[in-house]
Structures are given as C-alpha cells and as structure tokens.
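Okay, so the sequence shown: first residue is 1 according to full-length UniProt numbering, each after it adds one. Yeah, the Cβ is synthetic: ideal placement off N, Cα and C, and Gly gets one too. Since this is a predicted model, take the numbers as computed values, not measurements. Just below is one structure, and these are the notes that go with it.
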Amino acid sequence: MPKNSKVTQREHSSEHVTESVADLLAHQEPVDYKRSVLNVTGGETWDKQKEGEEDLDAERPAWNSKLQYILAQIGYSVGLGNVWRFPYLCQKNGGGAYLVPYLVLLIIIGLPLFFLELAVGQRIRRGSIGVWNYICPRLGGIGYASCLVCFFVGLYYNVIIGWSIFYFFKSFQYPLPWSECPLVKNGSVAVVETECERSSATTYFWYRETLDISNSISESGGLNWKMTLCLLVAWSLVGLAMIKGIQSSGKVMYFSSLFPYLVLVCFLVRGLLLRGAVDGIMHMFTPKLDKMLDPQVWREAATQVFFALGLGFGGVIAFSSYNKQDNNCHFDATLVSFINFFTSVLATLVVFAVLGFKANIMNEKCVVENAEKILGYLNTNVLSHDLIPPHVNFSHLTAKDYNEMYRVIMTVKEGHFKELGLDACLLEDELNKSVQGTGLAFIAFTEAMTHFPASPFWSVMFFLMLINLGLGSMIGTMSGITTPIIDTFKVRKEVFTVGCCIFAFLVGLIFVQRSGNYFVTMFDDYSATLPLTVVVILENIAVAWIYGTKKFMQELTEMLGFRPYQFYYYTWKYVSPICMAVLMTASIIQLGVSPPGYSAWIREEAAEKFLFYPTWAMAILISLIILASLPLPLVFILRQFHLVSDGSNALSVTYKKGRMMKDISNLEDNDETRFILSKVPSETPSPMPTHRSYLGPGSNSPMEMSSAPNGRYGSGYLLASTPESEL
1 MPKNSKVTQR EHSSEHVTES VADLLAHQEP VDYKRSVLNV TGGETWDKQK EGEEDLDAER
61 PAWNSKLQYI LAQIGYSVGL GNVWRFPYLC QKNGGGAYLV PYLVLLIIIG LPLFFLELAV
121 GQRIRRGSIG VWNYICPRLG GIGYASCLVC FFVGLYYNVI IGWSIFYFFK SFQYPLPWSE
181 CPLVKNGSVA VVETECERSS ATTYFWYRET LDISNSISES GGLNWKMTLC LLVAWSLVGL
241 AMIKGIQSSG KVMYFSSLFP YLVLVCFLVR GLLLRGAVDG IMHMFTPKLD KMLDPQVWRE
301 AATQVFFALG LGFGGVIAFS SYNKQDNNCH FDATLVSFIN FFTSVLATLV VFAVLGFKAN
361 IMNEKCVVEN AEKILGYLNT NVLSHDLIPP HVNFSHLTAK DYNEMYRVIM TVKEGHFKEL
421 GLDACLLEDE LNKSVQGTGL AFIAFTEAMT HFPASPFWSV MFFLMLINLG LGSMIGTMSG
481 ITTPIIDTFK VRKEVFTVGC CIFAFLVGLI FVQRSGNYFV TMFDDYSATL PLTVVVILEN
541 IAVAWIYGTK KFMQELTEML GFRPYQFYYY TWKYVSPICM AVLMTASIIQ LGVSPPGYSA
601 WIREEAAEKF LFYPTWAMAI LISLIILASL PLPLVFILRQ FHLVSDGSNA LSVTYKKGRM
661 MKDISNLEDN DETRFILSKV PSETPSPMPT HRSYLGPGSN SPMEMSSAPN GRYGSGYLLA
721 STPESEL
C-alpha cells in the first residue's frame, strides 16, 4: 500500500483539469459536479466486466436508521450459541470464574477484531470479496473463503431452524406431545414404548418422533419428510427476508432481534418464581477459581468469543458496508460486543433457573423411586427396620431424610450395598449434568417446560425465540454470501438470492435424512472452526502489517473525526495476531489429539454411544476443511505469478451521473492522466476510498496520490460527495 496516499480538493481554477473532464463528458448535458462520482478503478476494463449485462451499479442501499443497523448487527451476533453454548461452557469451566477469561479475551481479541471488520466494511463500502481485494489483492482469497464458510454454516444452521419450526407447531396442544411416553398395542394390551421407557419422554420425542434417527452415519435411512418440509419453510423464510437486500432484511430485524429479549426476560421472571431456581443460579455462579489456570478454559473462551461475534464470516463487513462513512463504528463495535456478552449472561441465568427447577423435580422423583425400593427391602426383611431413623416418614419423605437414611444403609450394608441398587439422589449431581446444543434446547429445556403451568404457552414462546435467534444469524450469514457476490459480479440480487436459497435447500437435504443429525454435528464441529481462524488471522495481518496500522489509524481518524485509542494499535499489530495464532495451534492440536467422532443414538439400547467416523466420512470432513481454505492459497498463487490480473495493469476512468457511465480504458502515459491522477502517470492511488469530495473543474491544488510500491495494488479510488455513493 502507498504510505501517504491522499487527495486534496481543488479550487475552480485548473485549466488542465477542466479540459480533461470536458473531454470525458463530451456531448453530455451540464452536470452538478458536487453530486457526481469520479471513479478510478483498477483491473480489467469496465467493458470486460459489464459486457452483455445491464448496468446495475445503482446507488448503494443504506440503512433506514442507525437503530435498524444496530439491531441487524445484534441479531447477527446474538444467536443460538448464546442460549445453548455459553451456559454449558460457563458450567463446565468454573461457573462464575469462566466469566473472567471470557471478558478478558472479549476485550483483547473480540472487540478489536470486530471494530476492524466494521471499519473496513464502512470505509470501502463493499462486501468481503471487494474489501480484501482492495486492501491486498494477493490476499483476495479471504473474501472467497468467507463466502464458502458462510455457505457451509448456512446449510446446517437452517436445519436447526427447521427443527425449531417443527417443535413450534407441535407446541399448540395440551398436554405437550413430549410430556408422556406413547402407548403401543401388544395384542389386546397397551404397553409403553420400550425405547421411551428406557430413556425419557422428551428424549424419545427428539430422537424418534422428530429425527427418526438411524443408529449410525452409515445408515442413511432415506429422507425424513417432516424435517424436509420444515427445512423448506426455513429456507423460504430466509429467502423472503433477504430477497430485497437490507430493505427487506432490515425490517425483519426489528422483530427477530428484539423478540428474543422479551422472551428471555419473561422466562427469567417465570424461572425465578419456580421452586429450585435459586439452587440452579447459585450452582451456576459459584466460582471454581482453580479453573482459571487451566489453558483449556482459555482456549474454549477464545473460541466462544470468536464465534459469538461472527468474526470472519463476512456478515459484519456486509452490514457495515451499507453505513454512511461518517458513522461512529467504534461506538457500534463496543455496544454490540457488550450487548452480546450481557445477552449470554442473561441466557445463562434463564437456563440455570429453569434447570435448577428441573433438577429439583428429578431429585424428588429419584427420592420417591428409591424410597419404594427401601420399603420393598423392609417388607422382605432384606433390610432391618432398625436402620430407619425414627423421625423418617415415608409418606412425606424429604430429600434430607432420604440422604440420612441412605448414609446409614450404606454404612451398615457396606459389603452388599451395590446389590441394593440405591441411588444417592443428590441435587448437586443433577445440577452437574452438562447439556449443550440440541441436548439443552430439545431435551432438557423441553422436559422442564412440561412441568410449567400453561406449558404450551411457554413452549410456543421458547421455540419462537429460537426461530428468531436463528433467523437473525441466518440473515447475517447469507449477507456474507450475497453482498460480496452482488458487489463483485453485479448480478441481480433477487435472482441470486432465490437461486442461492434453492441450491442450499437441495444440498441441505443431506441433513434431513434419518442420519442427517450426524452430518449436522460434522459440519458444526469441522467446517468452520479452523478455516475461519485462518481467515481472521489473515484479515488482521492484511490490515495491520501489509496496509499498515499507522496508515489505517489515519484513515479511521479521517473517517470518524477522532483518533481511535492507541489500545487498538497494539492489539491489531501484536496482541490479536499472537492470540489468534495460539488459538489456531491449539485447535489443530485438539483435532489431532481427539479422534473425530460423534454421539450416535442406538435404538436397541435407548442410549447414546460415541462412534468414530468411517473412512468415507473422514474424507468428507477433511474435504470441508480443505475446500473452505482453498481460495486463500489459490488466489495468492494466481496473483503472485500474474496468472490473473490484480488490477495493476490497466486503468479505467469512469464518470457516472445517475445510471449513465462514460468509460475510457488503457489511457496512454502522455494523456490527461497526468492531470487527473498525479504528476507521474504511473502513480496509483490508495485503495482505501476517501470521504472528501471532488468539487469539479476549476480547482486550485492538484490531486495528490502517492505511488503503490512495486505497482502491485490495483488503483481503485472513489471521489464521492455523499457517503452513499458507490466505489
């Protein structure tokens, strides 16, 4: 990048420029130069890019309001992971102590990188492909890799929305269909379904009624028509929300971003009124300080920060590219980052208030079942009545009385205690049962809601919340695909959006076969983690080391009107790249240490069993990682060896008024280029656009644009009078 690329506005007195612009605008009606756009772009000529296509380079859309934009960013960053991943990590990694490493890493990794993506998107006003092509053409593969990862994630993420849609419609009945085990006829006698009896009603409904899951990934079992229909509905919702770009998706965000907060607050109030809710919350936030010294805790906290903010996907860049250039994106980054954090804490409170209630219910059930066993042993003289404390009343047996009785029996019958088959029935054991993901949303939480008064109402609210959380994230994920593709290839947004949704639905049928849940697990575990980590590291390097942190800080100062804190200088240049490199190394080690596998539901055993992926599934898994990362070296090689132009060979000057464009390509060294660009025709401008306006013919001072070293960066520059004008 040029070190001191700058443009100075000219007063109305330069005769040379007047003649140059007059030549370009020959036979055109007089124009208002303050409303015009002088666009200097590098690379292939306009004719090559636009041959046979309608001119779709209309004025770039913009958010209707700052609130709409903030809600879009919140809706994108706050997703299902905040509800079912963060609480699990908090419980697993030390309760309240986990919040310390999470908050530290949010500040030194999450916030700076989130600010960086917001800033480059707002400054260059393009999707991820255009942004990284401008900043460093050789690293232009970053944008394409982001699009591929967005596609992989969108494929399985929408399946989860489909599951939520299925549960949502099943919630409109009382009692809830997963509250009791179904009965099957065995001759003239109705008996409880064996698989359900050996597991639980909610577990049976999830694995058998919803997924109709096979015993392994190798057993396809054909399509599940119910889930196929729900997936079609999910993609239809996404397509309708995205079809008009931010004009349609922005309006959807008003509901999809705010409604989950309403539901979470309602659940928190209701949960705190439940018996045992305080037990769950106290268990959740009791800090286990020794966990803070465990490197695994920091690795998982860094991974959660990384994915919670949606870094590397391109959605953040896409949304910010529709902002005005004087928007305070630093404030936006700070606000959205901490709203995301507090949402995770709020969701954790809700989850463990409800799970505390569920733990008390299950503990009472355990006490009753084991008390019946003890009564049976007393009646058959296996146990002596002398072992039972005199104050114990089996008609109103409390957990405390049972624990006292349990300890006495265990002490006296030490040699034969295991044969009695008695459980300790400790509340702590119930609270320590870690659940995450689908196990939390579709099994543990649904089971707790069956014990709520007016349970269908709460079930409808809960799954409608999941649909909205998923939809907000899907809109951001799909924007990470549609915005850069539409910006780069100038396709019609309606046609491309519909085509993309149809194609994704057809490919997504792999997830709605009976073994589809295992493919969801595979994609969730391996399709994004490593490629996205590499993408974000390269983003950081491209801005901080190739473009230059000082130069970037100066660009931000011009754009924002104030200089960002020096904190960002050091985090972008040193702290974030090192932390991300450590995270990537730890992720690779984790992949090597833990053999890839999945939890399969075995119908005959009515239990989960860990299985390793077969060879063909391993091939798919490795292919996902390679395919998502492939654009990075491919684009670098193609541009390094000049197999594809990086935009440094040709100069295209285009003047646009409204939808009309004039183009002059491949200008000679001795023509008016010297008056438009600089004193030296070979000099090329900075790829980072400026907000200064070109005032038209008759300026006093020359436009100064310093040269790009080695001429390897494309000359793409826009002089715009309004923030909404296109590059």
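| Asked | Found |
| --- | --- |
| Exposure label - SER473; buried when at least 16 CB within 10 Å | buried |
| Closest Cα partner of PHE115 within the set GLN73, LEU532 and GLY96 | GLN73 |
| Those residues which DSSP pairs with GLU608 across a bridge | TRP601 |
| With 16 other Cβ atoms within 10 Å as the buried cut-off, status of TYR565 | exposed |
| Beta-carbon proximity list for ALA617, same chain, < 6 Å, skipping 5 on both sides | ILE217 |
| Meets three-Cβ-pair contact criterion under 8 Å: the stretch 495–510 and the stretch 275–288 | no |
| Distance CB(TRP572)-CB(THR549) smaller than 8 Å | yes |
| 8 Å Cβ cutoff met for PHE313 and VAL159 | no |
| Residues near TYR406 by beta carbon distance below 7 Å, same chain, minus five either side | LEU422 and ALA424 |
| Contact belief for LEU232 with PHE511 at Cβ below 8 Å, rounded distance in angstroms | 12 Å between Cβ atoms; not a contact. |
| Spatially closest choice to GLU197 from PHE151, SER623 and GLU605, by CA coordinates | GLU605 |
| Limits of the alpha helix (DSSP H) - the one that ASN363 falls within | 329–379 |
| LEU538 vs LEU89 beta-carbon contact at 8 Å | no |
| Extent of the continuous beta strand (DSSP E) to which LYS551 belongs | Careful: LYS551 lies outside any beta strand (DSSP E), inside the alpha helix (DSSP H) at 549–560. |
| Opening and closing residue of the alpha helix (DSSP H) in which ASN186 lies | Note, ASN186: premise wrong, no alpha helix (DSSP H); beta strand (DSSP E) at 183–186. |
| Residue nearest to ARG275 in terms of C-alpha spacing, selected from THR488, GLU608 and PRO453 | PRO453 |
| Identity of the residues DSSP links to ALA190 by a beta bridge | LYS185 |
| Beta carbon of SER527 nearer than 8 Å to that of LEU591 | no |
| Straight-line Cα distance separating ALA302 from ASP525 | 16 Å |
| Residues of its chain near ILE339, where Cβ-Cβ distance is below 7 Å and the 5 sequence neighbours each way are ignored | ILE74 |
| Same chain, Cβ closer than 8 Å to GLY508, five either side skipped, listed in chain order | LEU155, TYR156, ASN158, VAL159, LEU231 and TRP235 |
| CB of LYS493 within 8 Å of CB of GLY94, strictly | no |
| Reference MET584; option with closest CA among THR202, LYS291, THR446 and THR529 | THR529 |
| For LEU346, the nearest candidate out of THR380, ALA607, LEU99 and THR482 (CA to CA) | LEU99 |
| Under the three-state DSSP convention, the category ALA223 falls into | The sequence given here places Leu at residue 223; Ala does not occur at that position. Here LEU223 sits in strand by DSSP. |
| Per-residue burial, VAL238 [other beta carbons within 10 Å of its own, 16 or more giving buried] | buried |
| Cα-Cα separation, GLU300 to VAL575 | 18 Å |
| Burial state of THR348, where buried means 16 or more other Cβ atoms lie within 10 Å | buried |
| Local conformation of VAL408 per DSSP, three classes | helix |
| Beta-carbon proximity list for SER179, same chain, < 7 Å, skipping 5 on both sides | ALA201 and THR450 |
| CB-CB length for ASN323 against TRP63, believed under 8 Å | 7 Å |
| Start-end ranges of the alpha helix (DSSP H) lying completely within the stretch 119–189, minimum 4 residues | 128–135 and 141–170 |
| Presumed contact (8 Å Cβ cut-off) between VAL336 and ILE70, rounded CB distance | 7 Å |
| Among ARG85, PRO87, SER65 and TYR144, nearest to THR488 - alpha-carbon criterion | TYR144 |
| Sub-8 Å separation of HIS330 and LEU431 beta-carbons | no |
| Where the alpha helix (DSSP H) through HIS283 begins and ends | 277–285 |
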